[in-house]
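Participant: Protein chains in written order, with numbering that gives the first Met the number 0: chain Y, 0 to 143; chain H, 0 to 144.
Even for Gly, the Cβ is constructed at its ideal location relative to N, Cα and C.
This structure is in C-alpha cells; I'll ask about it shortly.
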Amino acid sequence: MLKKLRDMLFVYMCVTTCVLFVTALYITIFWPDVVLGVEILWQILSVSFLCSVANFICPQEVSGKIMLILYILRYVITNGIVLGCGIWFGWFYMNDLPMVLAMLFSIAVIFVLVSVAVWRREKQQAARMNERLQVYQQRKERIE
Amino acid sequence: MKITIVEPKDGEEDEIIIRCRHLDKRLMKLIYSIKAGEDKITALHNGNYFQVAPEEIYYFEAVDNKVFLYLEKEVYETRRKLYELEELFQGTDFFRASKSCIVNLAKVKSLSPAFHGRFEALMKNGERVMISRQYVPVLKEKIGL
Numbered sequence: 000m001l002k003k004l005r006d007m008l009f010v011y012m013c014v015t016t017c018v019l020f021v022t023a024l025y026i027t028i029f030w031p032d033v034v035l036g037v038e039i040l041w042q043i044l045s046v047s048f049l050c051s052v053a054n055f056i057c058p059q060e061v062s063g064k065i066m067l068i069l070y071i072l073r074y075v076i077t078n079g080i081v082l083g084c085g086i087w088f089g090w091f092y093m094n095d096l097p098m099v100l101a102m103l104f105s106i107a108v109i110f111v112l113v114s115v116a117v118w119r120r121e122k123q124q125a126a127r128m129n130e131r132l133q134v135y136q137q138r139k140e141r142i143e
Numbered sequence: 000m001k002i003t004i005v006e007p008k009d010g011e012e013d014e015i016i017i018r019c020r021h022l023d024k025r026l027m028k029l030i031y032s033i034k035a036g037e038d039k040i041t042a043l044h045n046g047n048y049f050q051v052a053p054e055e056i057y058y059f060e061a062v063d064n065k066v067f068l069y070l071e072k073e074v075y076e077t078r079r080k081l082y083e084l085e086e087l088f089q090g091t092d093f094f095r096a097s098k099s100c101i102v103n104l105a106k107v108k109s110l111s112p113a114f115h116g117r118f119e120a121l122m123k124n125g126e127r128v129m130i131s132r133q134y135v136p137v138l139k140e141k142i143g144l
C-alpha cells in the first residue's frame, strides 16, 4: 500500500510539474492579457491529481496485450479528464481549433514525458534489484 | 555440536531451533538440506514418474488447473497445487511471482522492468517469467531490498 502511494505521489509530482510548464506556455500563447486568480492553481492541482489517479487504474495481473490496451485506455481517459475539466474551468473554447489542438498536443507530450519518467524509475529499481540478486546468488554459491 | 531434542507440548508445532554464534557454511548447508533436501517433487514426464530435486527446478506454473515444473529444458507435470508448493518451499529460493507462477530465485539471470510496476525475470535457461506488481515486494524482501 505504502509502495503504491509512493508510486502515485511520484506520478502526481511528474504530472503537476509538466502541467505547470505547459500551462505557463499555454497562457503565454493563448491568454497573454488575462489576469488569473488563485483558483488556477487549485485547478492545476486537481486536474493533475485526477490524471495521476487514472494512471493507476490497472488490475494486478494482466497479459502484455491487455496491458497495452489499458495503456491506450489510460491515454483516452487522461484526454477526457483534461478536456472535460478544461471546458468546465473555461481554459479553452471547443470551437477554437488551435486551442483544442494545443490542448491535445500538450496532453500527448505530458503523457509521454510522465511515461518515460516512470519507465526510468522502474529501470533504476531493476538495476538495484539486479545488484542485490547477484549478491544473493553469490552468497548462496559460497554456502554450497 | 550438541544436539538436544525436546518434546513439544500438546498443540505446539514441531520446530527446529538452531542456537549458534554465527551461521557458518556447515550450518547453512544443514539448514538447506532440512528445508529442501527432503522435499523432492514427484513429477510426471512422458508417462513416467520422477523425483525432481528443487534445485533443478527453474519455475512452477499453473495452467488450466494443472501445475507444471520447468527444468532447464524439460517440462514436468506435478499433481501438487501451487499453494501447496508455495508452502512447501517457504523460506527457500522459491518465491511467488504471480498468481500462476512460483520462481526459483537461484535460476534468475536478471530482472527488467515490464511496465506499470511489473518486472520480467530472465531465467538462466533463456525463458522469461513475469513478476506481477503484487509480488514485487515479496521479491524485494527476499533479496534484501
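Check whether chain H comes within 8 Å of Arg5(Y), counting only Cβ atoms and requiring the distance to be less than that.
Facilitator: Within the first sequence, residue 5(Y) is the residue found at index 6, counting from 1. Not closer than 8 Å to any Cβ of chain H, the Cβ of Arg5(Y) fails to qualify, so no.
Participant: For Ala145(H), write down the residues that DSSP places opposite it in a beta bridge.
Facilitator: Chain H is shown only over 0 to 144; residue 145(H) falls outside these bounds and no answer can be derived.
Participant: Would you say Lys139(H) and Met93(Y) are within 8 Å of each other, going by their C-beta atoms?
Facilitator: As a position in the second sequence, residue 139(H) is number 140, starting the count at 1. As a position in the first sequence, residue 93(Y) is number 94, starting the count at 1. Taking the C-beta atoms as reference points, Met93(Y) is found no nearer than 8 Å to Lys139(H).
Participant: Would Val76(Y) pass as a contact of Val21(Y) if the rule is Cβ separation under 8 Å?
Facilitator: On the first sequence, residue 76(Y) is found 77 positions in, with the first residue counted as 1. On the first sequence, residue 21(Y) is found 22 positions in, with the first residue counted as 1. The question names Val, but residue 76(Y) in the sequence shown is Ile. No, these two residues do not count as a Cβ contact at 8 Å.
Participant: Identify whether Ala120(H) lies in helix, strand or coil by the three-state DSSP scheme.
Facilitator: The residue labelled residue 120(H) in the question sits at position 121 within the second sequence. Annotated three-state conformation of Ala120(H) is strand, per DSSP.
Participant: What in chain Y is Cβ-close to Ala105(H), meaning under 8 Å?
Facilitator: One-based indexing of the second sequence puts residue 105(H) at position 106. Result: Gln136 and Lys139.
Participant: Report the option in Ala101(Y), Leu4(Y), Met0(Y) and Asp6(Y) whose CA atom is closest to the CA atom of Ile28(Y).
Facilitator: Counted from its first residue, the first sequence places residue 28(Y) at position 29. It is Ala101(Y).
Participant: Could you work out which residues of chain H lie near Leu132(Y), taking near to mean beta carbons separated by less than 8 Å?
Facilitator: Taking the first sequence and counting its residues from 1, one reaches residue 132(Y) at position 133. Going along chain H in sequence order, the residues near Leu132(Y) (Cβ under 8 Å) are Leu104, Val107, Ser109, Leu110 and Ile142.
Participant: Comparing C-alpha positions only, which one of Thr16(Y), Ile39(Y), Trp30(Y) and Val52(Y) sits nearest to Arg5(Y)?
Facilitator: Residue numbering aside, residue 5(Y) sits at position 6 when the first sequence is read from its first letter. The shortest Cα separation from Arg5(Y) among Thr16(Y), Ile39(Y), Trp30(Y) and Val52(Y) belongs to Val52(Y).
Participant: Consider the Cβ of Asn94(Y): report whether some Cβ of chain H lies at a distance smaller than 8 Å.
Facilitator: Taking the first sequence and counting its residues from 1, the one referred to as residue 94(Y) is at position 95. Not closer than 8 Å to any Cβ of chain H, the Cβ of Asn94(Y) fails to qualify, so no.
Participant: Please list the partners that Lys1(H) has in chain Y, where partner means a Cβ-to-Cβ separation under 7 Å.
Facilitator: For this step, residue 1(H) is matched to residue 2 along the second sequence. Within 7 Å Cβ-Cβ: nothing; Lys1(H) doesn't reach chain Y, min ~22 Å.
Participant: Taking C-beta pairs closer than 8 Å, name the residues in chain Y that Pro161(H) reaches, listed in chain order.
Facilitator: Residue 161(H) is absent from the model: chain H starts at 0 and stops at 144.
Participant: At the level of alpha carbons, what is the spacing between Gln42(Y) and Tyr58(H)?
Facilitator: The residue given as residue 42(Y) occupies position 43 in the first sequence. The residue given as residue 58(H) occupies position 59 in the second sequence. Using only the alpha carbons, I get a separation of about 49 Å.
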